[in-house]
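Note that the protein sequences, when read in sequence, are chains A and B. The opening residue of the first sequence carries number 138 in my numbering; numbering runs sequentially from there. The opening residue of the second sequence carries number 138 in my numbering; numbering runs sequentially from there. Backbone N, C-alpha and C define an ideal beta-carbon position, used for all residues, glycine too. Nothing here was measured: the structure is a model prediction, and the numbers come from that model.
2 protein chains.
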Amino acid sequence: MPENEKVQEGMTRPKSDFSEWFSEVIAKTELSDLRYNVKGFIVFREWAVLCMEEMYRSLEKELQSKRHFPIWFPAVIPEKNFTKESEHVEGFAPEVFWITHAGGEKLTEKLALRPTSETAMYTMYAKWIRSWRDLPLKLYQRCQVWRYETKATRPFIRSREFHWIEAHDVFATKEEAERQVHEDIDTTDKVMHGKFGIPFIPFRRPEWDKFAGAVYTVAADTLMPDGKVIQQPSTHFLGQNFARPFGIRFVDRNEKEQIAWQTCYGPAISRIFASVVTIHGDDKGLIFPFEIAPVQVMIVPIIKSGEEERIHAKCESIRSMLDKEGLRVSVDYSENSAGWKFNHWEMRGVPIRLELGPRDMERKQVVLVRRDTGEKQNIPEKEIYPAVKETGASLTHNLVKKADTWFSSMVRSAGSMHELETELDKGGFVRVDFCSRDSEGRKCAEKIKERLHAEVRGDRADRHEAPKGKCIACGKKATVVVYVGRQY
Amino acid sequence: MPENEKVQEGMTRPKSDFSEWFSEVIAKTELSDLRYNVKGFIVFREWAVLCMEEMYRSLEKELQSKRHFPIWFPAVIPEKNFTKESEHVEGFAPEVFWITHAGGEKLTEKLALRPTSETAMYTMYAKWIRSWRDLPLKLYQRCQVWRYETKATRPFIRSREFHWIEAHDVFATKEEAERQVHEDIDTTDKVMHGKFGIPFIPFRRPEWDKFAGAVYTVAADTLMPDGKVIQQPSTHFLGQNFARPFGIRFVDRNEKEQIAWQTCYGPAISRIFASVVTIHGDDKGLIFPFEIAPVQVMIVPIIKSGEEERIHAKCESIRSMLDKEGLRVSVDYSENSAGWKFNHWEMRGVPIRLELGPRDMERKQVVLVRRDTGEKQNIPEKEIYPAVKETGASLTHNLVKKADTWFSSMVRSAGSMHELETELDKGGFVRVDFCSRDSEGRKCAEKIKERLHAEVRGDRADRHEAPKGKCIACGKKATVVVYVGRQY
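This is the structure in structure tokens:
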């Protein structure tokens, strides 16, 4: 880092200037570079990728514990597969990148670059599934997908290429498939909420806002610090909508041929990362939950001249000890001042800093500083590992709790269009009685959209809420409680 | 698995019928499905992906320990980047898939689906590198690449889409960059040879066979069981060939602007997997090295009726104990017979089987069977974990040793074209004196190619060998010892 860049190092925008803060933190901590010369495509840089790889590991571990297996399908889908399910093709066609040539030749059939993999995978599922013994079939792949977004792109939140997991499950019965929808919500809860600290509400989307080709969609909505809604993993109950055209059939225990039932689930790692950055960050920069931090512990030597060697040797022995315990740990040996290093790694969100100077050497201790509270503790040398583990767990716990408290405060109710507007202006979700989540309700949703620039996100999938009054938009008897918010 | 499929379960081809054996083992152990409806693209199935994910982990760990960081670049490259380095574009143009449309629109600039990422990454490297302080820059990505192969495709070995790692490194000096070439060979040796058990020779390719745009290429060649040569990871010394057109420059310690030096390294995971399958497999099917096995330990309960519950409970407690130790372990609770299970998991290459029946329960032991030698041991309950760990290490060690011994026997010498032909017919590498590895030697290489259908693979990059006689093809004074083989 050249001298003259050192001075500008820290964050200059407070998090309350959210949009500027987000851009600044991405640039200063080098999470991505937006200057790649294809519109809508960005480079995901080291500090973000190290974290996203840990996020993949957490999610894949949870999926595998729920008996999913990994698979890799081709990234290209022939046009004839793509057009088999009519609602699906209609929904996705405007967003598809098409490969038409290879080498010097024109291809005989153009190929879609996968925007999602239903139509790639289900042709093969039809070959693999023969009998009830082959079910359930639960497979997932980690991969990229490409969508020609016409909406404005924002790094990590919406771009023309993103990194996700897609799980595609097949069952013998409707009941098992619907249970899977709830298992997927549980996965989002255990991992995205429990480990990454992102609170959410699972909404059953209204009929007019479901996944193209699904019977219904449940999506996990969370909030950005400015109170805008952002969609995180969704899970779709596909019913037999794809199984029919793709011919996914099986012979049941009574030797009768049946059509299979399906679900799919799509957590977008790069987008969840945006929530991790924005929900936990503060005026100083990033704060990573301990489990997914690119570096969990940064050791900073406090050098007194003449003592470099002794101090470096001790730092190295602590590093090696923590590394053997399986932690991601590093020592900053650079020539920058200790103060510069503190700021640098705080901005980059390293959960725990260990400082080690001559006085600490004498006292056989280190100073442990945690990123979320700034709290300092002297830790005897022999207790470093347990102290780090405990502080790491406590930091994650604290981030989750803080996020939950804030999130709860962002859910309110309204009894009229006027109240709805007032509440929407404060950000977050507004709970209202509504006429219908089926297509009859669409007009009312459009009215809310036009007048208040807000969307009906759906009704809760995790609990039943009974409406007490009339639809906030049309005044007819309400049949459902929905949540309204302004989308990112 | 339906009853009538059980009967055909085992392998029917001996490994000596190599080509048929390879097809059969892929189909029977469900490593991939070749029926995907785009030519040259295959589906990588669960059993293969679980192993390849472990292979990624091993390789990434080694790369990170050598101070590489992960990054994710876009999969699309604008045509204008792609054409910047003239030799590179000439080499790759015939193999590129082109995206020309998106949604309903024609793109203003067509996009290459990356066949390799030099031209995507180096435009950004030019922005990131300013000073000697920014060097070395060592980044890698795990990703897929797409090449419109015109040669016949074979599963895992050559297809139009493959899964690899590409590392792209930048240095201040030529010396450092050339050291990196040797560090890359060391990585291949430590991981592909040491952990996956694939022996190889690193060859400096002759001038006419280097990577498009490189100064020179070193490639790790290994052999298939039929004695044919297959190229594994290669590392390229790019010199300043890309740094010049892409403008990768830096200010050195004396404030002078310099052009950077580069290398790149590309291990193809899906292709290395082909070597793992073919080198270690036997007449019964697959044998996985312990570290990368999809399942490392399979527990098979030997059921006596009335005792199911007790035996299953014990199997579960052993599974859970080994799982906590971090092993990949499973119990086969299916209704198939014990004999069927033994054959099934042997064919699928699980390194260690634990059998547990009523007699073992009484004696507080399990029977441990290792896949490579078939050796059986009674292991007291308390010693299961250490016995599994030790047997696992011993199995991998044995696979490496066996492969090395075989590989050594496949390297021979020849002193004339006639001898060369005789030796080539036996398979493997044939060592010959040769006129030149520079372009003067091309004619002689072509002569060998035409007459003997074999390629000059290059001279060894790991040691210097002095030629003693004349070029085997033209009779001029030899300047180099090269190895000839028939390529897969």
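Could you tell me whether the Cβ atoms of Asn378 of chain A and Val352 of chain A are closer together than 8 Å? Numbered from its first residue, the first sequence carries residue 378 of chain A at position 241. Numbered from its first residue, the first sequence carries residue 352 of chain A at position 215. Taking 8 Å as the cut-off, the Cβ atoms of Asn378 of chain A and Val352 of chain A count as close.
Which residues, taken in chain order from the stretch 228-246 of chain B, show a beta carbon closer than 9 Å to some beta carbon of chain A? Ala230, Pro231, Glu232, Val233, Phe234, Trp235, Ile236, Thr237, His238, Ala239, Gly240, Gly241, Glu242, Leu244, Glu246
Which of the three DSSP states, helix, strand or coil, is assigned to Pro382 of chain A? Taking the first sequence and counting its residues from 1, the one referred to as residue 382 of chain A is at position 245. In the structure shown, Pro382 of chain A sits in a helix (DSSP, three-state: H, G or I).
8 Å is my cut-off, CB to CB: does Glu183 of chain A come that close to chain B? Along the first sequence, one-based indexing puts residue 183 of chain A at 46. True, the Cβ-Cβ gap to chain B drops below 8 Å.
List the residues of chain A that Lys264 of chain B touches, going by C-beta distances under 8 Å, in chain order. On the second sequence, position 127 is the one that residue 264 of chain B refers to. Simply Asp170, Arg172.
What runs of the alpha helix (DSSP H), each 4 residues or longer, lie entirely inside the stretch 429-475 of chain A? The stretch 429-475 of chain A contains these whole alpha helix (DSSP H) runs: 445-461.
Using the rule of at least 16 other Cβ atoms within 10 Å of the residue's Cβ for burial, across every protein chain shown, is Arg568 of chain B buried or exposed? Residue mapping note: residue 568 of chain B aligns to position 431 of the second sequence, counting from 1. Buried: at least 16 other Cβ atoms inside 10 Å.
The alpha helix (DSSP H) with Lys311 of chain B in it runs from where to where? Here residue 311 of chain B is taken as the residue at index 174 of the second sequence, counted from 1. From DSSP, the alpha helix (DSSP H) with Lys311 of chain B extends over 311-324.
Give me the residue from A:Ile335, A:Thr324, A:Arg508, A:Pro488 with the minimum Cα distance to Thr372 of chain A. As a first step, residue 372 of chain A is located in the first sequence; it is residue number 235 there, counting from the start. Nearest C-alpha to Thr372 of chain A among A:Ile335, A:Thr324, A:Arg508, A:Pro488: A:Thr324.
Partners in chain A for Tyr353 of chain B, counting only beta-carbon separations shorter than 7 Å: The residue given as residue 353 of chain B occupies position 216 in the second sequence. Near Tyr353 of chain B there are no residues of chain A at all, since even the closest Cβ is about 26 Å away, more than 7 Å.
On the premise that Leu196 of chain B lies in contact with Val328 of chain B, defined as a C-beta separation below 8 Å, what is that separation, rounded to the nearest angstrom? Here residue 328 of chain B refers to the residue found at position 191 of the second sequence. Here residue 196 of chain B refers to the residue found at position 59 of the second sequence. Their Cβ separation, rounded to whole angstroms, is 5 Å, which keeps Val328 of chain B and Leu196 of chain B in contact under 8 Å.
State yes or no: is the beta carbon of His481 of chain A nearer than 8 Å to at least one beta carbon in chain B? The residue given as residue 481 of chain A occupies position 344 in the first sequence. Judged by the 8 Å Cβ criterion, His481 of chain A is not in contact with chain B.
Helix, strand or coil at Lys143 of chain B according to DSSP, with G and I counted as helix: Taking the second sequence and counting its residues from 1, one reaches residue 143 of chain B at position 6. The predicted model places Lys143 of chain B with a pLDDT of 48, which falls under 50 and marks its position as unreliable; any figure quoted below should be read in that light. Lys143 of chain B: helix per DSSP, three-state reduction.
Starting from the N-terminal side, write out each stretch of the beta strand (DSSP E) that is 3 residues or longer and does not extend beyond the stretch 229-269 of chain B. 234-239, 242-250
Test: Ile208 of chain B CB closer than 8 Å to a CB of chain A: Taking the second sequence and counting its residues from 1, the one referred to as residue 208 of chain B is at position 71. Interface flag for Ile208 of chain B against chain A is set, since a Cβ pair is found closer than 8 Å.
Going straight from the alpha carbon of Asn141 of chain A to that of Glu446 of chain A, what length do you get? As a working mapping, residue 141 of chain A is identified with position 4 in the first sequence. As a working mapping, residue 446 of chain A is identified with position 309 in the first sequence. Note that Asn141 of chain A has pLDDT 41, beneath the 50 cutoff, so the model's placement of it is unreliable and no number is given.
By Cβ distance, which residues of its chain are closer than 8 Å to Ala289 of chain A, with the 5 residues on each side in sequence left out? Against the first sequence, residue 289 of chain A aligns to sequence position 152. Only Arg295 meet the Cβ criterion.
Going by C-alpha to C-alpha distance, which of A:Val175, A:Leu187, A:Phe178, A:Ser153 sits closest to Thr166 of chain A? Walking along the first sequence from the start, residue 166 of chain A turns up at place 29. Per the Cα distances, A:Leu187.
Relative to the alpha-carbon of Thr400 of chain B, which residue among B:Lys563, B:Tyr259, B:Gln433, B:Asn515 has its alpha-carbon at the smallest distance? On the second sequence, position 263 is the one that residue 400 of chain B refers to. Comparing Cα positions, the closest option is B:Tyr259.
Please identify the residue among A:Ala615, A:Ile214, A:Glu161, A:Ala249 whose C-alpha is closest to the C-alpha of Pro292 of chain A. By 1-based counting over the first sequence, the position of residue 292 of chain A is 155. Closest option to Pro292 of chain A, Cα to Cα, is A:Glu161.
Selected residue, minimal CA-CA separation from Val233 of chain B, among A:Thr237, A:Val233, A:Pro231: On the second sequence, residue 233 of chain B is found 96 positions in, with the first residue counted as 1. Out of A:Thr237, A:Val233, A:Pro231, A:Thr237 has the C-alpha closest to the C-alpha of Val233 of chain B.
Taking 8 Å as the cut-off, does the stretch 565-585 of chain B touch the stretch 609-623 of chain B (at least 3 CB pairs, one atom from each stretch)? Touching, yes.
Mind pulling the chain B residues with CB within less than 8 Å of Asn218 of chain A? One-based indexing of the first sequence puts residue 218 of chain A at position 81. Simply Asn174.
How many Å lie between Val506 of chain B and Gln514 of chain B at the Cα? Numbered from 1 along the second sequence, position 369 holds the residue referred to as residue 506 of chain B. Numbered from 1 along the second sequence, position 377 holds the residue referred to as residue 514 of chain B. Taking the straight line joining both Cα atoms gives about 7 Å.
Taking the Cβ atom as the reference point for each residue, do Glu298 of chain A and Gln278 of chain A lie within a distance shorter than 8 Å? Numbered from its first residue, the first sequence carries residue 298 of chain A at position 161. Numbered from its first residue, the first sequence carries residue 278 of chain A at position 141. Not in contact: Glu298 of chain A and Gln278 of chain A (Cβ atoms no closer than 8 Å).
So, for Met138 of chain A: in the same chain, excluding its five sequence neighbours on each side, which residues have a beta-carbon less than 6 Å away from its beta-carbon? Residue numbering aside, residue 138 of chain A sits at position 1 when the first sequence is read from its first letter. Since pLDDT at Met138 of chain A reaches only 37, below the 50 mark, its modelled position is unreliable, and the value read off the structure follows with that caveat. Excluding residues within five positions, none has a Cβ falling inside 6 Å.
Option in A:Lys605, A:Gln317, A:Gly240 with minimal Cα separation from Lys275 of chain A: For this step, residue 275 of chain A is matched to residue 138 along the first sequence. Ranking A:Lys605, A:Gln317, A:Gly240 by Cα distance to Lys275 of chain A puts A:Gln317 first.
What residue does the beta strand (DSSP E) around Val506 of chain A start on, and which one ends it? As a position in the first sequence, residue 506 of chain A is number 369, starting the count at 1. Element bounds for Val506 of chain A: 502-507.
Candidates A:Pro604, A:Arg500, A:Pro382, A:Tyr620: closest to Phe561 of chain A by CA position: Counting from 1 along the first sequence, the entry for residue 561 of chain A is found at position 424. Residue identity check: residue 561 of chain A is Leu in the sequence provided, not Phe. Measuring from the Cα of Leu561 of chain A, the nearest candidate turns out to be A:Tyr620.
Check the C-beta distance from Pro362 of chain A over to Ile416 of chain A and give it rounded, since I have them as a contact under 8 Å. As a first step, residue 362 of chain A must be located in the first sequence, where it is residue number 225. As a first step, residue 416 of chain A must be located in the first sequence, where it is residue number 279. Confirmed, Cβ separation roughly 7 Å.
Under the DSSP definition of a beta bridge, which residues are partnered with Lys513 of chain B? Taking the second sequence and counting its residues from 1, the one referred to as residue 513 of chain B is at position 376. Answer by DSSP bridge pairing, in chain order: B:Val506.
Could you give the C-beta distance for His629 of chain B and Ser407 of chain B, rounded to a whole number, given that I count them as a contact under 8 Å? In the structure as shown, chain B begins at 138 and stops at 625. Residue 629 of chain B is therefore absent and cannot be evaluated.
Can you list the residues of chain E that Pro215 of chain A reaches, using a CB-CB cut of under 7 Å? Judged by its chain identifiers, the structure shown contains no chain E, and its protein chains are A and B.
Meets three-Cβ-pair contact criterion under 8 Å: the stretch 218-228 of chain B and the stretch 326-341 of chain B: no
Sorted by chain position, which residues of the same chain lie with C-beta nearer than 8 Å to Ile367 of chain B's C-beta, five sequence neighbours on each side aside? Here residue 367 of chain B corresponds to residue number 230 of the second sequence, with the count starting at 1. Correct list, in chain order: Ile294, Asp358, Thr359, Leu360, Met361, Arg408, Ala411, Ser412, Gln624, Tyr625.
Anything in the stretch 287-308 of chain B with a Cβ closer than 7 Å to a Cβ of chain A? List those residues in chain order, please. Glu298, His300
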